[in-house]
Amino acid sequence: MPETVAFSYAANVDPVNGLYATGILGIIVSLFGGVPATVAGAAGAVAMVLPSITSSSGSLSYLTYDERLQHLFVAVTLAGVLELVFGLLGLSTLFSMIPRTAHIGFLNGLAIMMFLSQKTTIQTCIDDSRTFGECEVAGDLEWMKASSPTTWVTIGLVLLTMFIMQYFSKVPYLGPLVPPTLVAAVVGVGLEFGINRPLLGYDVRTIGDTSPLSGGLPTFALPAFRDVRDWGVVLSTAASVMAVGLFESLMTLQSVVDLKKEQLSQKATRKECIAQGIGNILCGFFSGMGGCSMIAQSNGNVLNGGRHRLSALSYGNSVRDCHPYVLLAVAEAHFPCQDRRHHRHCPRDRACCYYEPRHRSYHWCYLAVSR
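Residue numbering for the sequence shown follows full-length UniProt numbering, beginning at 1 and increasing consecutively.
Okay, structure coming up:
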């Protein structure tokens, strides 16, 4: 959920739209995807291409936000249709031609874009009468002032969270048992609401301060195809969502079968494309932002014992049932690089960056849905 909320803001949509997508895709891919135990949802790769439609500085900036959002649902639906056709025609075999270096570059580029999308952490709204989310959609943001204590409290919490994420797992006995994401969330919330707000008064912006989360189960609504103003932007975004989504999904399948010590078949990739297509079409019909399979969550599921479809289905159902009651989420980003100790094996004339799942303690937080 925290990752879904963070990617929703990166895509300039309401977090509820991201949670809808995660619930829908999580269920569809768990039931019909190519490899059991694969987890899908509102992914960062897809979120990075959506601001071309949703952003106030994008290609459709002359439209209102609601109109841009309707264009987004049309694009997501068309992306699902393209993915479905891609799978039915068996074109997923084309992805086997992509070299390993392209996979590495894709992951590194995605990590950089995710890092840049976090700049809003140290930005503030120009107009105090609006929420931060409203200002972000309108593009009315400014950098926090260096003279403001709130700026340094915010930076301090960010650095503390990064420190916990990096080093807590090395704590004897407790580190392997408790996920650092949970520790970071508890420490951050404790410092903010136990010390900072009541004693110091330098409030750090939370998810609730950014845009209050509320909503129920998704309702059916046909995308407004007749109201599309710019088909060029919609079609290009749909093609980008299809390409990026399938690319990350098939890389996720490869990662999952590697962990399970299996072979990835052409039948599995074809089924994955079809499942992704059905899921994104439903996202367009139920106000979801779209998405694809997610590497980190899928690896975490497998590393914690998930081997069959029930484990991934539990994840999708949990998000679907719990998202109306979300109160707080902590954004999390991860860079797809292997531990530095492996860099010594890289030739000096090459730039190397390896992706592998982290140690088991990092993924412990997915244990509840992996059985």
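Idealized CB from N, CA, C, for every residue including glycine.
What you are looking at is a predicted structure, and each value in this text was computed from that prediction instead of being measured.
Nearest neighbour of residue i, chosen from the options [CA to CA]
i           : options            : result
residue 206 : 140, 133, 180      : 133
residue 130 : 10, 292, 100, 209  : 209
residue 91  : 181, 246, 218, 200 : 246
residue 89  : 294, 267, 279      : 267
residue 139 : 17, 278, 56        : 56
residue 72  : 273, 18, 251, 269  : 18
residue 70  : 293, 259, 223      : 223
residue 29  : 121, 303, 250      : 250
residue 260 : 240, 78, 300       : 300
residue 161 : 172, 149, 179      : 179
residue 26  : 256, 116, 40, 74   : 40
residue 111 : 158, 256, 296, 20  : 296
residue 283 : 105, 42, 307       : 42
residue 239 : 50, 310, 158, 123  : 50
residue 103 : 193, 221, 248, 257 : 248
residue 52  : 23, 237, 269       : 237
residue 264 : 36, 24, 22, 23     : 36
Beta-bridge pairing of residue i - partner residues as DSSP gives them
i           : result
residue 40  : 293
residue 266 : Bridge partners of residue 266: none, in fact.
residue 141 : 125
Reduced DSSP secondary structure (H/G/I, E/B, other) of residue i
i           : result
residue 347 : Any reading at residue 347 needs caution, since the residue's pLDDT is 44, under 50, leaving its predicted position unreliable; the model's value is listed next. Of the three classes helix, strand and coil, the one that applies to residue 347 here is coil, per DSSP.
residue 219 : coil
residue 72  : helix
residue 50  : coil
residue 124 : strand
residue 103 : helix
residue 375 : No answer is possible for residue 375: the residues shown for the chain start at 1 and end at 371.
residue 12  : coil
residue 32  : helix
residue 204 : coil
residue 62  : coil
residue 241 : helix
residue 18  : helix
residue 178 : coil
residue 119 : helix
residue 307 : coil
residue 131 : coil
residue 89  : coil
residue 284 : helix
residue 227 : helix
residue 298 : helix
residue 6   : helix
residue 98  : coil
Where residue i falls, given that 16 or more other Cβ within 10 Å makes a residue buried
i           : result
residue 225 : exposed
residue 288 : buried
residue 285 : buried
residue 163 : exposed
residue 61  : exposed
residue 14  : buried
residue 48  : buried
residue 5   : buried
residue 389 : Residue 389 cannot be examined here, being either before or after the span of the chain that is shown, 1 to 371.
residue 93  : exposed
residue 156 : exposed
residue 126 : exposed
residue 82  : buried
residue 20  : buried
residue 189 : exposed
residue 3   : buried
residue 303 : buried
Euclidean distance between Cα positions of residue i and residue j
i           : j           : result
residue 151 : residue 281 : 42 Å
residue 87  : residue 271 : 7 Å
residue 7   : residue 166 : 22 Å
residue 76  : residue 230 : 15 Å
residue 128 : residue 44  : 29 Å
residue 195 : residue 153 : 11 Å
residue 145 : residue 16  : 31 Å
residue 34  : residue 253 : 8 Å
residue 298 : residue 38  : 5 Å
residue 136 : residue 234 : 22 Å
residue 12  : residue 185 : 24 Å
residue 121 : residue 9   : 11 Å
residue 79  : residue 66  : 20 Å
residue 277 : residue 291 : 10 Å
residue 85  : residue 109 : 27 Å
residue 54  : residue 172 : 46 Å
residue 217 : residue 119 : 31 Å
residue 274 : residue 32  : 8 Å
residue 255 : residue 294 : 10 Å
residue 174 : residue 181 : 14 Å
residue 176 : residue 168 : 9 Å
residue 115 : residue 198 : 31 Å
residue 123 : residue 193 : 21 Å
Interface flag, residue i vs chain B, CB-CB below 8 Å
i           : result
residue 236 : Reference to chain B is not applicable here, since this structure consists of a single protein chain.
Any non-hydrogen atom of the ligand GDP within 7 Å of residue i CB
i           : result
residue 220 : For the structure depicted, the ligand GDP is absent and the ligand set is empty, with no information on it obtainable.
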